[in-house]
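Numbering (our numbering), first residue to last: -15 to 462.
Where a beta carbon is used, it is the ideal one built from N, C-alpha and C, also for glycine.
Notes follow once the structure below has been shown.
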Amino acid sequence: MAASELAPLVKTGGLGDVLGALPRALKQTGVDVAVILPAFAALKQSGREFEPTAWEISVPVSSRVVQATVLHTELDGGVPLYCIDADPYFDRPGLYGEGGSDYADNCERFVFFSRAVLEVLRRLGTPDLLHVHDWQAALAPVFLRADAGRYPDLAAVRTVMTVHNLGYQGRFWKHDWHLLNLDWRHFTFLGLEFYDDINFLKGGLLFADAITTVSPTYAREIQTPEHGYGLDGVLRQRAGVLTGILNGVDYGEWDPRHDRHIAASYSSEDLTGKQQCKAALQAAMGLHVDPDATLLGVVSRLAEQKGLDLLEQIVPRLLQRAVQLVVLGSGDSRLEAAFRALSAAHPGRMATRIEFDNRVAHQIEAGSDVFLMPSRYEPCGLNQMYSVRYGTVPVVRATGGLADSIVDVDEAPGYGTGFKFGPASGEALLQAIDRAFALKRDELEWRAVMKRGMQADFSWARAALQYRTLYDRITGSA
Ligand code: ADP
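Take a look at the structure:
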C-alpha cells in the first residue's frame, strides 16, 4: 500500500486516518500487507524508531537519477512501514507545502515518490497487488503499465487506486512532463492531459485495475458533472471497475469508554461522564458552564467543501436559541476571520479555535450535544461516525458518506441516528438543527437516538473484508 499520510504519525485529514487503521484490519483478515510512505520530516521526528534498510534505490526523474534510501519500522499489529528517504524532497517542515502555499516542486516530489514505490516493491519481492491512495501515489500504476519496459519483473502486479477526495488531483503544468519520463503520446485527452495540464489522479484512474472511493454514494456522485471535478467522464468510462467502500472508525482511538483525551469516560449504559465532558469543554473554551444550553460542535478543515459558510450565515439566528457553538478548524483565511469575529461578538456563547489539535477534537466530540457537518460534498467523512459513538447527534448534509452513514430520525423513526438535509443552504441547515432541538425536548427520545448511535458499528473489520474481497477478485484468487 502506498500513500502520503498515516495517522498518528503524519496526517492532514481522513487519508491519514484510513492508513492508520486499514492495514492492520487487513492483516487481521489474513492479507500480508506493508505500507510505503515518503520519509517526511514529521515522520522522522515523531519519536518512533526507524532502522535503515540496506536498500539503495535509484529513481529516474527527468534526465537525472535520484538516489534514495529506505527506512523501516513496524506499526502496531505487525504491519511493516517503509519510508523513502530522499533528502531534497521530503525532509521539510510541511507535507505538501508551507504557509498556505504548495511546494513549487510537488510534481517532481511525487513523480519521484511513485517511481520509488515501484523500486521498493522489487526489493520486497513482487507482491500480488499494489494499492495506491490519492494523487500523491497515483502515478505508480501509470509507470507500471505505461513504462512497462522498465518494470518487467512487476508485470503481474495488479493495482487498486483509492480516491479519498476528488477535489485534490495533483494538477501541474505541462512543462513538468519531462519529469515523468513518459512518452508524449500519453499526454492527450485520452491520457494524463487535463485542460493542457498534467493530472496525476486522472492517470491513476485510467491505469489502475480497480478504483475505489470511500463511500457508495460518493462513488455514484463523482460520475456526475456536479461532483466530478472534470473527471466524471473518465469515471463513467471506468464505472465497471469503480466501487465505494465506506471507511471505518478506529475505535482504539475514538471511543468514550477509553478515550485518554477527555475529562471522563462514559458509555451507552452510563452517560454521566458525558455531562462532565460537556462542562469541561465549556470551561476550556470560555463558554458559560451551562448544562441546559445545547452545545453544537464543529471539527473541520475550513474549506469550501465543508459548507461552513452556510453555518456562518445562520450564526446570529442560531444564537437566538438556547445554544452554544464551538468550532475547531483551520484553513481558508476568510472563514477563519469570520468565525473569529462571530465568536468575539458572542462571548460565552460561541468559541472558535483556529488550529489543528487532535486532543481538542476528541473533547469536542465528547462534550457536544450536536455535531454539525454541512458539507457541500463529503467523500466519506469520519467525524459523523465519531460523533454517533460519542452520543453526539450529528446534523449532516445528505451527501457522500454522510448520506451512507447517518439515518435520519424523522425519515426512519425507531432507526434514526441523526438529522440530514438536502439543499446546500443556511436555511436548510437551520431547519435540520431545529428538528434536532424539537427532538431534544423529549429527553427519553433523545437518549434513545444517542444510544442507538453509540451502539452502531462502523469498525474497520467490515471495510477490510470488502477490500479483501476486491483484492481476491482482481488477483484471481477468489
Ligand atoms: P477530511 O479528510 O476531508 O478533512 P474527514 O472527516 O474524513 O475529513 O477527516 C477529518 C479528520 O481530521 C478527522 O479525524 C478530524 O477529527 C480531523 N480534523 C479535522 N480538522 C481538525 C482540527 N482542526 N483539529 C484536529 N483534528 C481535525
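DSSP places Leu303 in no beta strand (DSSP E); its state is neither H nor E. A check of alpha carbon separations from Tyr235 across Ala247, Pro275, Val2 identifies Val2 as the nearest. Under a 10 Å Cβ-count criterion, Gln368 is classified as buried, with 16 or more other Cβ atoms of the shown protein chains found around its own Cβ.
By the criterion of a C-beta distance shorter than 7 Å, Pro111 is surrounded in its chain by Leu105, Val141, once the five residues flanking it on both sides are discounted. With a beta-carbon spacing of about 14 Å, Thr57 and Trp39 fall beyond the 8 Å limit used to define contacts. Only residues of its own chain outside the window of five on either side were considered, and among them Ile229 have a CB closer than 7 Å to the CB of Gln450, listed in chain order. With fewer than 16 other Cβ atoms inside 10 Å of its own Cβ, Trp157 counts as exposed.
The DSSP-derived three-state label of Tyr455 is helix. Note on Ala203: 16 or more other CB atoms within 10 angstroms of its CB, so buried under the neighbour-count rule. Fully contained in the segment 301 to 351 are the following beta strand (DSSP E) runs of length 3 or more, in chain order: 307 to 315, 334 to 337. Beyond the five residues adjoining it in sequence on each side, Ala345 comes within less than 7 Å, by CB distance, of Val283, Leu312 in the same chain, given in chain order.
Ala194 and Leu114 have their alpha carbons spaced roughly 11 Å apart. A straight line joining the alpha-carbon of Ile338 with that of Glu320 spans about 7 Å. Proximity of the beta carbon of Asp1 to the ligand ADP is indicated: a heavy atom of the ligand is located closer than 6 Å. Not one heavy atom of the ligand ADP sits closer than 6 Å to the Cβ of Phe323. Within the segment 35 to 104, the runs of beta strand (DSSP E) at least 3 residues long that lie entirely inside it are, in chain order, 35 to 45, 48 to 59, 63 to 69. Counting other Cβ atoms within 10 Å of its Cβ, Asp16 stays below 16 and is therefore classed as exposed. Here Leu163 carries a helix assignment [DSSP, helix/strand/coil]. Between Asn165 and Leu176, the CB-CB gap reaches or exceeds 7 Å. Take the alpha-carbon of Val147 and the one of Asp276: they are about 42 Å apart. Glu205 counts as buried, since at least 16 other C-beta atoms from the protein chains shown sit within 10 angstroms of its C-beta. Contact between the segment 6 to 15 and the segment 75 to 91 is not established, with fewer than three Cβ pairs separated by less than 8 Å.
Beta-bridge analysis with DSSP links Arg142 to Leu113. Distances between the C-beta of Val283 and the heavy atoms of the ligand ADP include at least one below 6 Å. In this chain, the beta strand (DSSP E) harbouring Asp181 covers 181 to 183. Gly281 places its beta carbon less than 7 Å from that of Phe355. Counting along the chain, the unbroken alpha helix (DSSP H) around Lys28 starts and ends at 25 to 28. DSSP, reduced to helix, strand and coil, places Val379 within a strand of the structure shown. The secondary-structure analysis by DSSP pairs Ala422 with nothing; it has no beta-bridge partner. DSSP, read as helix, strand or coil, puts Arg204 in helix.
With a contact defined as Cβ atoms closer than 8 Å, Leu366 and Val233 qualify at about 7 Å. Taking Leu138 as the centre and dropping the five residues before and after it, the same chain places the C-beta of Leu102, Leu105, Arg106, Thr110, Leu128 closer than 8 Å to its C-beta, in chain order. Only exposed fits Tyr179, as fewer than 16 other CB atoms lie within 10 angstroms of its CB. The C-alpha of Ala408 lies about 29 Å from the C-alpha of Trp238.
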